[in-house]
Amino acid sequence: MARMLLTTTFAAAWLIGIPAQAEVVGKVKTDWVGNDIVIEAILDPKVQGVTCHLTYFERSLIDRLQQGNWFEDPSNSSIACQTTGPVTISNIDLDRNGEEVFTESRSLIFKKLVVNRIYDRQNNALIYLAHTRQVQQGSAKMSISTVPLYNTQATWTKGHPQ
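Quick note on numbering: the sequence shown equals residues -5 to 156 in my numbering.
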């Protein structure tokens, strides 16, 4: 019963487009004060069979004390996405702005790490863009990954877009 409820809940979340959840799959110590590079796996909630790995820098308490900036982590991030199973694409945004598939706070209030998905119709590819969104002085630091759908048996639940 519990397994059926979990499966139903996941399927409902996937269909209505709840943003992806991240799972920490690695953490690399970078120095003696405890700063880390965190690696998270993100499953696109509307594209089954695609996994993105997102990395970012996480500051330690000692680093926060030294730098005097208690409430935020750097904007640097990197993303790599690829197919990790059969690809099934549900009702995704097909316009040039794409849609936000993941967001995570990088400061107490104002900074968010965001992953957007954009469908490149001409090249039949999914583009994943990792960037930071800030209230002011938006960050120009970004990373991009492309998942080609050419030669992939991708299933579109609403039919392949023309």
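Glycine included, every Cβ here is placed at the ideal spot set by N, Cα and C.
Near residue i, which residues of its chain fall below 6 Å by C-beta distance, leaving aside the five closest residues on each side in sequence?
| i | result |
| --- | --- |
| G79 | G43 |
| S84 | K40, T151 |
| I112 | G92, I121 |
| L88 | Y113, P155 |
What residue does the beta strand (DSSP E) around residue i start on, and which one ends it?
| i | result |
| --- | --- |
| H125 | 119 to 127 |
| N110 | 106 to 114 |
| V32 | 30 to 37 |
| Q76 | 71 to 83 |
| K152 | From DSSP, K152 is part of no beta strand (DSSP E); its letter is neither H nor E. |
| R141 | Here residue 141 turns out to be Val, not Arg, going by the sequence shown. Unbroken beta strand (DSSP E) run through V141: 136 to 142. |
Whole angstroms are fine: how far does the CA of residue j sit from the CA of residue i?
| i | j | result |
| --- | --- | --- |
| E34 | V22 | 12 Å |
| R90 | A16 | 25 Å |
| C75 | W26 | 31 Å |
| S139 | A148 | 18 Å |
| T82 | I73 | 21 Å |
| V95 | V108 | 8 Å |
| R127 | R115 | 26 Å |
| A14 | D38 | 6 Å |
Can you give me the Cβ contacts of residue i inside the same chain, cut-off strictly under 7 Å, excluding the 5 residues immediately before and after it?
| i | result |
| --- | --- |
| T24 | D30, I31 |
| T77 | G43, V44, V141, T146 |
| S137 | S71, S72, I73, A124 |
Drop a sphere of 10 angstroms on the beta-carbon of residue i, count the other beta-carbons inside from all chains shown, and report buried for 16 or more, exposed for fewer.
| i | result |
| --- | --- |
| V19 | exposed |
| N145 | exposed |
| H154 | exposed |
| N117 | exposed |
Quick one: what's got a C-beta closer than 8 Å to residue i's C-beta in the same chain, skipping five residues either side?
| i | result |
| --- | --- |
| H47 | V19, I33, E34, A35, I36, I73, A74, C75 |
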